[in-house]
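*Asks:* I'd like to ask some things about the structure below.
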Amino acid sequence: MKAQPTRSQQRILRLLKKLNRAISAQDLYVELRKGGKGLGLATVYRSL
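Quick note, the sequence shown lines up with residues 97 to 144 if you use this note's numbering.
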């Protein structure tokens, strides 16, 4: 049985699809923080 992605993982994937370009984990973190909801840098690294 395949595990469901977390909400954080879903947000990261949506942003990556939207950007459609290479981006560093730290830049991804900054973009996600601009969205208003809290998300830790460690969460971004774990999700990648």
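Note that beta-carbon positions come from the ideal geometry of N, C-alpha and C, so glycine has one too.
Do you know how far the Cα of residue 140 is from the Cα of residue 131?
*Replies:* Answer to the nearest angstrom: the Cα atoms are 14 Å apart.
*Asks:* Would you give the residue range spanned by the alpha helix (DSSP H) that residue 119 belongs to?
*Replies:* It is not in any alpha helix (DSSP H) - residue 119 carries neither H nor E in the DSSP assignment.
*Asks:* Taking buried to mean at least 16 other C-beta atoms within 10 Å of its own C-beta, is residue 115 buried or exposed?
*Replies:* Exposed: under 16 other Cβ atoms inside 10 Å.
*Asks:* Just reading off the alpha helix (DSSP H) that residue 115 is part of, what are its end residues?
*Replies:* From DSSP, the alpha helix (DSSP H) with residue 115 extends over 103 to 115.
*Asks:* Please check the pair residue 143 and residue 119, which I expect to be a contact at CB under 8 Å, by giving their CB distance rounded to whole angstroms.
*Replies:* No, residue 143 and residue 119 are not in contact; Cβ-Cβ is about 13 Å, not under 8 Å.
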